[in-house]
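The structure appears below as structure tokens.
2 protein chains.
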Amino acid sequence: MSSRYPVGPTETERCIESLLAVFQRYAGKDGSNCTLSKQEFKSFMNTELASFTKNQKDPGVIDRMMKKLDMNSDGQLDFSEFLNLIGGLAVACHCQAMSSPTDGSHKRL
Amino acid sequence: MSSRYPVGPTETERCIESLLAVFQRYAGKDGSNCTLSKQEFKSFMNTELASFTKNQKDPGVIDRMMKKLDMNSDGQLDFSEFLNLIGGLAVACHCQAMSSPTDGSHKRL
Numbered sequence: 104m105s106s107r108y109p110v111g112p113t114e115t116e117r118c119i120e121s122l123l124a125v126f127q128r129y130a131g132k133d134g135s136n137c138t139l140s141k142q143e144f145k146s147f148m149n150t151e152l153a154s155f156t157k158n159q160k161d162p163g164v165i166d167r168m169m170k171k172l173d174m175n176s177d178g179q180l181d182f183s184e185f186l187n188l189i190g191g192l193a194v195a196c197h198c199q200a201m202s203s204p205t206d207g208s209h210k211r212l
Numbered sequence: 104m105s106s107r108y109p110v111g112p113t114e115t116e117r118c119i120e121s122l123l124a125v126f127q128r129y130a131g132k133d134g135s136n137c138t139l140s141k142q143e144f145k146s147f148m149n150t151e152l153a154s155f156t157k158n159q160k161d162p163g164v165i166d167r168m169m170k171k172l173d174m175n176s177d178g179q180l181d182f183s184e185f186l187n188l189i190g191g192l193a194v195a196c197h198c199q200a201m202s203s204p205t206d207g208s209h210k211r212l
């Protein structure tokens with residue numbers, strides 16, 4: 104770490120590294136380790152975003168999200184496609200925070 | 104934190120919250136606190152991504168990045184436009200890591 108960041112990584116750099124590390128951790132479970140299969144995506148969603156998935160009553164929601172994110176319809180999510188999910192969730196949180204400025208919190212997932 | 108995350112936030116949730124917090128920190132410096140002005144963007148780049156900017160010999164690179172990211176050409180970056188930068192950087196790091204698998208590192212900024 105120290106050679107790349109003489110004074111340590113910034114918050115933004117840590118985020119970028121974390122997103123890469125999370126993607127690679129789940130993508131490496133089966134098949135190609137450069138993409139998330141549907142099974143890997145489910146594992147990611149049910150572990151990393153469990154606070155979202157546990158409130159979903161519709162069992163097909165993860166399948167539909169996968170289909171929507173899979174821009175080239177190859178049945179796999181590459182890193183760019185995966186980032187669209189992260190970006191979409193962050194934008195949703197941001198909009199929620201902006202629309203409820205009186206709740207005293209600017210960070211809500 | 105504990106009420107939203109009974110077992111603490113996951114790495115992905117922490118990233119999403121951090122990205123929101125960083126954006127809001129810089130967006131709140133002047134003018135609208137929902138967007139980054141050019142000055143705020145420069146401040147963000149020179150602080151959060153200094154390891155990138157300090158190697159740039161071209162003084163116009165931040166201006167050009169701002170123009171490229173500013174999809175609706177309103178002279179401001181909203182959160183979605185800001186995320187395109189984060190996503191772009193993460194994809195660039197990911198591609199770099201994928202193209203040099205022998206260096207023993209999967210995380211490079």
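Protein chains in written order, with my numbering: chain A, 104 to 212; chain B, 104 to 212.
For glycine and all other residues, C-beta sits at the position ideal for the given N, C-alpha and C.
Simplified DSSP state of residue i, which is helix, strand or coil
i               : result
M152 of chain B : Reading off the sequence shown, one finds Leu at residue 152 of chain B, where the question assumed Met. In this structure, L152 of chain B counts as coil in the three-state DSSP scheme.
G207 of chain A : Because the pLDDT of G207 of chain A is 45, which lies under 50, any placement of that residue in the model is unreliable, and the question is left without a value.
D177 of chain B : coil
Among the options, nearest to residue i - alpha-carbon criterion
i               : options                           : result
R194 of chain A : B:E114, B:L122, B:L139 and B:T115 : According to the sequence shown, residue 194 of chain A is Val rather than Arg. Out of B:E114, B:L122, B:L139 and B:T115, B:L122 has the C-alpha closest to the C-alpha of V194 of chain A.
Q127 of chain B : B:F147, B:G191 and B:R117         : B:F147
I119 of chain A : B:N158, B:E184, B:N149 and B:G190 : B:G190
S135 of chain A : A:F185, A:E184, A:S202 and A:L180 : A:L180
Q199 of chain B : A:M201, A:F182, A:A200 and A:M169 : A:F182
D177 of chain B : B:T138, B:R117 and B:L192         : B:T138
Alpha-carbon to alpha-carbon, residue j and residue i
i               : j               : result
H197 of chain A : P162 of chain A : 26 Å
K141 of chain B : D166 of chain B : 8 Å
N187 of chain A : F144 of chain B : 22 Å
D133 of chain A : K132 of chain B : 45 Å
V125 of chain A : E151 of chain A : 9 Å
S202 of chain A : F155 of chain A : 20 Å
T115 of chain B : K157 of chain B : 28 Å
V110 of chain B : A153 of chain A : 11 Å
M169 of chain B : P112 of chain B : 32 Å
L192 of chain A : K160 of chain B : 35 Å
Y129 of chain B : E184 of chain B : 14 Å
M174 of chain A : N149 of chain B : 34 Å
R117 of chain A : V164 of chain B : 23 Å
Y108 of chain A : L172 of chain A : 33 Å
| field | Residues within the region 154-184 of chain B neighbouring chain A, beta-carbon criterion of under 8 Å | value | S154, F182 and S183
| message | Can you pull out the residues from the region 189-203 of chain A whose beta carbon lies closer than 8 Å to at least one beta carbon of chain B? | response | I189, G190, L192, A193, V194, C196, H197, A200 and M201
| What are the residues of the region 111-135 of chain A that lie near chain B, defined by any Cβ-Cβ distance shorter than 8 Å? | P112, T113, E114, T115, E116, R117, C118, I119, E120, S121, L122, L123, A124, V125, F126 and Q127
| Just by C-beta distance, which residues in the region 135-154 of chain A are closer than 9 Å to chain B? | C137, F147, T150, E151, L152, A153 and S154
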